[in-house]
Each structure stands twice: as C-alpha cells, then as structure tokens.
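Numbering (this note's numbering), first residue to last: 226 to 374.
Glycine included, each C-beta is placed from N, C-alpha and C at the ideal position.
Every value quoted in this text rests on a predicted model; they were computed, and no experiment measured them.
Reviewing the structure listed below.
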Amino acid sequence: MSEKKKIVIFLFVFGIIITLAGIKFIHNAQESLHWPKTEGVITQSFMDWDRDRHHFANIKYEFVVNGEKITGFQISAKNVNKSSEELLREYPKGKKVTVYYDPVDPVNSLLEPGYSWQSYQAFVLGIIIILAGIGVLLFYKEKPQSAKG
C-alpha cells in the first residue's frame with residue numbers, strides 16, 4: 226500500500242472517529258437540558274496541577290439518586306470559558322448546587338446543562354479532517370501513465 230493511501234485512510238478513519246465523538250458530545254449536551262435535577266453539595270474545590278504543570282480547578286460534588294450517593298466531577302457539557310480561579314470562586318467547598326443527571330446512568334452528571342457553539346468543535350474538527358483526506362486524495366491522485374512512443 227502506498228504512503229499516500231495510508232495517509233488518506235488514516236485521515237478518513239481519524240476524521241470519522243472525531244466526528245462521531247462530536248455527535249455524541251452534542252447529543253449528550255442537548256439531552257442534559259431535559260435531565261432530572263437534584264440537590265448536591267461541593268465536596269472538593271481546589272487548584273490542582275497535571276503532569277505538564279498546567280493548573281486546573283479540581284471540583285467534585287456529591288448527590289443522591291434513588292438512595293445511592295454519587296460523586297460527580299463534570300461541571301458542564303459545554304466548553305467552559307471560565308478560568309480555574311473563576312470556577313473555584315463559583316463552586317467553593319460546601320456550596321449547595323443543582324446537579325443534573327442522566328436518568329439512565331446517574332453517574333453521568335453535571336452542574337451546567339446545555340451546550341454552546343464550542344460544543345460543536347469536535348464535530349467540525351472531524352469534518353475538517355475528512356475534507357483534508359479528500360483533499361489529499363484529489364491532490365495526489367495518480368495520473369495514468371502516458372504511452373511512450
């Protein structure tokens with residue numbers, strides 16, 4: 226298999242995976258607008274660092290569904306355009322919050338339901354990658370060999 230074909234196949238497969246993930250993300254964000262809600266409490270709220278020394282707000286909350294205590298950590302399905310400091314101020318430890326949860330899988334929960342234009346980023350990126358694959362395919366399309374006389 227030629228190198229060009231490998232690149233095209235990779236771009237198509239990767240693009241499709243990203244696009245499907247984006248569709249699932251958008252669907253989940255849309256569904257969260259209709260999820261049941263319950264009261265919860267912030268149990269953890271502090272600045273943390275990852276291995277690359279990037280800081281982030283480490284926020285966890287607890288809530289109860291059908292007698293089962295559940296710990297959640299997802300703030301929003303949308304791309305939150307808030308700094309870590311803003312999130313920590315908005316969600317301090319001990320604060321009572323409204324928790325929205327998936328009725329089929331209550332572990333899938335969040336504090337801010339819905340979506341924004343940023344929710345479409347993965348979907349759009351996947352489409353761009355697929356289009357790049359088409360572009361590579363068209364640009365490097367093998368031309369038929371001309372007969373030598």
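Straight-line Cα distance separating residue j from residue i
i, j, result
"Y365", "V238", "18 Å"
"E293", "V322", "17 Å"
"I234", "I300", "36 Å"
"G339", "I359", "33 Å"
"E264", "K231", "51 Å"
"K320", "F288", "12 Å"
"V329", "R276", "34 Å"
"E310", "H279", "13 Å"
"S227", "F250", "35 Å"
"F375", "V324", "No statement about residue 375 is possible, as the shown extent of the chain runs from 226 to 374 and does not include it."
"V290", "A254", "20 Å"
"D327", "T296", "13 Å"
"H252", "K229", "34 Å"
"Y286", "Q346", "27 Å"
Contact belief for residue i with residue j at Cβ below 8 Å, rounded distance in angstroms
i, j, result
"L236", "I354", "6 Å"
"L362", "S257", "With a Cβ gap of about 38 Å, L362 and S257 do not count as contacting."
"F348", "I241", "Contact flag wrong, Cβ pair sits at about 11 Å."
Residue i - containing beta strand (DSSP E), residue span
i, result
"H280", "H280 to V290"
"I359", "Per DSSP, I359 belongs to no beta strand (DSSP E); it is in the alpha helix (DSSP H), Q346 to F364."
"E264", "K262 to W274"
"V238", "Segment E228 to S257 is the alpha helix (DSSP H) holding V238; no beta strand (DSSP E) there."
Burial state of residue i, where buried means 16 or more other Cβ atoms lie within 10 Å
i, result
"S433", "Since the first residue of the chain shown is 226 and the last is 374, residue 433 is not available in this structure."
"G449", "Residue 449 lies beyond the stretch modelled for the chain, which goes from 226 to 374, so this question has no answer here."
"L312", "buried"
"V332", "exposed"
"W274", "exposed"
"Y342", "The sequence shown places Trp at residue 342, not Tyr. So W342 counts as exposed."
Contact set for residue i: own chain, Cβ-Cβ below 6 Å, skip 5 residues either direction
i, result
"F271", "N283"
"Y316", "I267, S270 and I284"
"A357", "L236"
"K318", "I267 and S270"
Endpoints, the alpha helix (DSSP H) within which residue i is located
i, result
"E293", "E293 -> not in any alpha helix (DSSP H); beta strand (DSSP E) instead, spanning E293 to G297."
"L312", "S309 to E315"
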